[in-house]
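Structure first, then comments.
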Amino acid sequence: IRRATPVAPAAPAAAPAERPLVFGELRIEPSSHAVWLRGSPLELTPIEYDLLLTLARAAGRVLSRDQLLDAVAGREYEVFDRSIDVHISYLRRKLGDDPKSPTYIKTVRAAGYLFRDETEGR
443 IRRATPVAPA APAAAPAERP LVFGELRIEP SSHAVWLRGS PLELTPIEYD
493 LLLTLARAAG RVLSRDQLLD AVAGREYEVF DRSIDVHISY LRRKLGDDPK
543 SPTYIKTVRA AGYLFRDETE GR
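Numbered according to the working numbering, the sequence shown terminates at residue 564, and the numbering increases by one at each position without gaps.
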């Protein structure tokens with residue numbers, strides 16, 4: 443009788459690096475958590491980064507405050523419904539985004555926020 447030698451399970455394949463998200467002069471690199479604007483690195487807080495990445499991944503679709511709250515849930519900071527607005531305002535300031543004529547993040551009244559897709563008209 444032949445004894446089978448146990449074979450160690452194969453190591454799980456490394457997840458492929460997520461491709462950078464590029465919107466005009468804005469580049470988001472999910473694999474390194476880096477954000478670049480006009481070739482310069484942006485310093486974002488963890489919540490700002492999570493919000494930006496969540497919005498960018500859903501470019502062209504409106505995300506409600508609740509959806510954005512879910513995206514930053516688990517952070518050590520306490521996040522409230524209206525605090526999302528404050529974080530978005532900080533994020534816009536760092537992006538140089540004018541809320542009245544946004545390049546990247548548009549407020550959709552009574553619905554939430556939309557990350558502008560390059561194909562979307564202003």
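Ideal placement from N, C-alpha and C gives every residue a C-beta, glycine not left out.
Assuming residue i and residue j make a contact with CB atoms under 8 Å, what is their CB distance in whole Å?
i	j	result
Pro544	Arg558	7 Å
Pro472	Glu485	Not confirmed; about 17 Å, so no contact.
In or out: residue i buried (at least 16 other Cβ within 10 Å) or exposed?
i	result
His529	buried
Asp539	buried
Can you give the Cα-Cα distance for residue i and residue j, rounded to whole angstroms?
i	j	result
Arg507	Arg524	8 Å
Ser482	Lys548	23 Å
Leu556	Ser474	24 Å
Val477	Gln509	22 Å
Arg503	Phe465	15 Å
Ala552	Arg480	32 Å
Val550	Asp527	12 Å
Apart from the five residues just before and just after residue i, which ones in its own chain have a Cβ nearer than 6 Å to its Cβ?
i	result
Ala501	Phe557, Asp559
For residue i, which residues of its own chain have a beta-carbon under 7 Å away from its beta-carbon, when the five flanking residues on both sides are left out?
i	result
Leu495	Ile470, Pro472
Pro462	Arg469, Ile470, Glu471
Since residue i is in the alpha helix (DSSP H), which residue starts that stretch and which ends it?
i	result
Arg499	488-499
Lys536	525-537
I need the boundaries of the beta strand (DSSP E) containing residue i, first residue and last residue.
i	result
Leu468	468-471
Ala513	First-last for Ala513: 507-514, but that is the alpha helix (DSSP H), not the beta strand (DSSP E).
Lys548	547-550
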